[in-house]
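Asker: Going left to right, the sequence shown walks through residues 38 to 160 as the numbering used here numbers them. Glycine included, every Cβ here is placed at the ideal spot set by N, Cα and C.
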Amino acid sequence: MKNTLIIAFLLLGTTVFGQSFKKEVYDNGVLIKTFEMKDNSILMTAFYPDGTIKERGTFLNGAPDGKWVTYNQRGQAVSIGYYKQGVKEGTWTIYPGMGDFTYELVYENGIQKKAYQYGPDLD
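Put into structure tokens, the structure is as follows:
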């Protein structure tokens, strides 16, 4: 049910809700996600149960569009990438943890075209 409400909000925008800011919370009041109008897009921020940011990105016309960042619970970025009208586009950088390796995946129209791995003994 919550996913249906989120999708409805993203598709219908502020014309239904009449506000430029919405939030979703667990039954215990802990914040799950916020949705904020920014120009013609919606900025979505998701949170871990402790309140640190888990993910942040924008939607345009109901689809992911623009920069998306996913964070670990320490607040460090673990992936940074871009969407264009709902499909992955450009370079996505993945930091899988502990700083051992970094991956870069290059997408064109949602299709992975290249992959690079950086790390100890690979640079």
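Have a look at Pro-133, Asp-137, Thr-107 and Gly-123 and flag the residue whose alpha-carbon is nearest the alpha-carbon of Glu-145.
Answerer: Position 108 of the sequence shown, counted from the first residue, corresponds to residue 145. Of the candidates Pro-133, Asp-137, Thr-107 and Gly-123, the one whose C-alpha sits nearest the C-alpha of Glu-145 is Gly-123.
Asker: For Ile-148, which beta-bridge partners are listed by DSSP?
Answerer: By one-based count along the sequence shown, residue 148 stands at place 111. Paired residue(s): Glu-145.
Asker: Nearest-angstrom Cα distance between Val-62 and Gly-127?
Answerer: As a first step, residue 62 must be located in the sequence shown, where it is residue number 25. As a first step, residue 127 must be located in the sequence shown, where it is residue number 90. Distance between the alpha carbons of Val-62 and Gly-127 is about 33 Å.
Asker: Within its chain, find whatever has a CB closer than 6 Å to the CB of Trp-129; leave out the 5 residues flanking it on each side and keep chain order.
Answerer: Taking the sequence shown and counting its residues from 1, the one referred to as residue 129 is at position 92. Here the set comprises Gly-118 and Leu-142.
Asker: Given this structure, state the Cα-to-Cα distance separating Asp-76 from Phe-96, to the nearest angstrom.
Answerer: Here residue 76 refers to the residue found at position 39 of the sequence shown. Here residue 96 refers to the residue found at position 59 of the sequence shown. In a straight line, the C-alpha of Asp-76 is about 11 Å away from that of Phe-96.
Asker: Give the DSSP bridge partners of Val-106, in chain order.
Answerer: Start at 1 with the first residue of the sequence shown, and residue 106 comes out as number 69. Looking at the DSSP assignment, Val-106 forms a beta bridge with Arg-93 and Ile-117.
Asker: Mark Lys-91 as exposed unless 16 or more other C-beta atoms lie within 10 angstroms of its C-beta, in which case mark it buried.
Answerer: Along the sequence shown, read from residue 1 onward, the residue named residue 91 stands at position 54. The residue in question, Lys-91, is buried, as its Cβ has 16 or more Cβ neighbours within 10 Å.
Asker: From the DSSP output, read off the bridge partner residues of Gly-127.
Answerer: As a position in the sequence shown, residue 127 is number 90, starting the count at 1. DSSP output for Gly-127 lists Tyr-144 as bridge partner(s).
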